[in-house]
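Student: Using this note's numbering, read the sequence shown as starting at 1 and increasing by one per residue.
I am attaching a structure below and will ask some questions about it afterwards.
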Amino acid sequence: METIFSPDGLASTGAGPLYLQLQRRIREAVTLGRLKPHDSLPPEREMAVMTGLSRVTVRKAVEGLVAQGTLVQRRGSGTFVAPPVERMEQALSLLTSFTEDMARRGKTGQSHWLSRMLDAPAPEEIMALGLGAGDRVARLERVRSCDGVPLAIERASLPTWVLPVPSVVTGSLYAVLQQGGYRPVRAVQRITAANLTDRDAQLLGVAAGTAGLKIERIGYLASGRVVEFTRSLYRGDAYDFAVELKLSSDQERGAA
Ligand code: 16G
1 METIFSPDGL ASTGAGPLYL QLQRRIREAV TLGRLKPHDS LPPEREMAVM TGLSRVTVRK
61 AVEGLVAQGT LVQRRGSGTF VAPPVERMEQ ALSLLTSFTE DMARRGKTGQ SHWLSRMLDA
121 PAPEEIMALG LGAGDRVARL ERVRSCDGVP LAIERASLPT WVLPVPSVVT GSLYAVLQQG
181 GYRPVRAVQR ITAANLTDRD AQLLGVAAGT AGLKIERIGY LASGRVVEFT RSLYRGDAYD
241 FAVELKLSSD QERGAA
């Protein structure tokens with residue numbers, strides 16, 4: 001604890017604002033396991049004495065880490081390292097919705113809406129959804145959470161013949177698509193690594209630059225028409241995607 005809060009290396013010039021330097025130190029101590037989940041931090045007053053920083057600076061650093069989800073504050077009992085997020089394992093071969101994935105775990109997923117609108121499509125939406133000149137696109141942007149923990153940001157784009165009024169989606173998008181006979185029966189998913197931007201990291205309650213998983217899903221009807229183009233950003237510390245692998249038919253014949 002002494003080294004984490006030692007005044008050494010906290011420079012008032014050249015290394016950025018002092019509260020950010022202290023935040024970096026605490027975050028590093030959590031990442032390296034020197035501070036463990038549920039560990040309590042010294043009171044603000046003590047941290048100020050140990051670091052030689054003002055109480056205002058210490059408060060600003062702690063408040064920022066609370067907002068990012070690294071620390072939690074309990075009224076009357078102090079500041080603690082946040083509990084670890086429960087990692088979720090998700091099968092990649094099942095075409096399920098977020099709501100269904102949570103229900104299978106006996107949990108209820110929540111959505112925090114960022115926007116629901118009709119707009120002029122961007123070039124990649126035109127390409128993915130096969131839109132024509134003058135077509136509009138329905139866009140849904142939301143943060144998906146479970147037990148109050150934000151897990152993913154989802155940005156879904158759909159043709160307006162599938163979703164003419166985006167505001168009708170209040171809970172599950174797939175439930176709405178199912179009702180209209182537009183639920184995808186096949187999807188192609190592409191997963192890449194991404195470092196979260198400041199805004200996305202803030203929405204997910206993690207530090208900027210944290211590793212995330214970028215997933216693009218293109219969903220098709222049985223007729224082959226594209227109904228959904230969704231770009232999601234999952235927290236890398238919260239999700240494991242698992243795929244079942246089988247021998248190819250040639251290998252099976254060889255093995256028999
Ligand atoms: C999943 C899908 C997303 C779909 C959403 C619908 C991935 C990577 N993405 O999150 O494409 O739009 O489910 O969920 O699995 P909802 O029916 O609960 O709104």
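Quick reminder that beta carbons are idealized off the backbone N, C-alpha and C, glycines included.
Values in this document were obtained by computation on a predicted structure and should not be read as measured data.
Taking a contact to mean a Cβ-Cβ separation below 8 Å, would you say Val149 touches Val85 in this structure?
Tutor: yes
Student: Taking only the alpha-carbon atoms, compute the straight-line gap between Ala91 and Arg253 and give it to the nearest angstrom.
Tutor: 27 Å
Student: Among the candidates Leu245, Glu244, Ser249 and Asp240, whose CA atom is the shortest distance from the CA of Asp101?
Tutor: Asp240
Student: In the DSSP assignment, what residue or residues form a beta bridge with His112?
Tutor: Val143
Student: How should Ser157 be labelled, buried or exposed, when 16 other C-beta atoms within 10 angstroms of its C-beta is the threshold for buried?
Tutor: buried
Student: What's the call for Met47, buried or exposed, on a 16-neighbour Cβ count within 10 Å?
Tutor: buried
Student: So, is Val168 buried or exposed, given that buried needs 16 or more other C-beta atoms within 10 angstroms?
Tutor: exposed
Student: With 16 as the cutoff for other CB atoms within 10 Å, does Gln68 come out buried or exposed?
Tutor: Counting C-beta atoms within 10 angstroms of its own C-beta, Gln68 has 16 or more neighbours from the protein chains shown and is therefore classed as buried.
Student: Comparing C-alpha positions only, which one of Arg136, Asp8 and Val243 sits nearest to Leu22?
Tutor: Cα-wise, what sits closest to Leu22 is Asp8.
Student: Going by beta carbon distance, what residues of the same chain come within less than 6 Å of Lys214, once the five residues before and after it are set aside?
Tutor: Listed in chain order, the non-local C-beta contacts of Lys214 below 6 Å within the same chain comprise Thr192, Ala194 and Leu233, local neighbours out to five positions each way being set aside.
Student: Given that a residue counts as buried once 16 or more other Cβ atoms are within 10 Å of its Cβ, and exposed if not, what is Arg87?
Tutor: exposed
Student: Between the Cα of Arg155 and the Cα atoms of Trp161, Arg139, Pro164 and Pro166, which residue gives the shortest distance?
Tutor: Comparing Cα positions, the closest option is Arg139.
Student: For the ligand 16G, is there a heavy atom less than 7 Å away from the beta-carbon of Gly212?
Tutor: No, since every heavy atom of the ligand 16G falls outside the 7 Å radius drawn around the Cβ of Gly212.
Student: Indicate, with yes or no, if the ligand 16G has a heavy atom lying under 7 Å from the CB of Ile218.
Tutor: no
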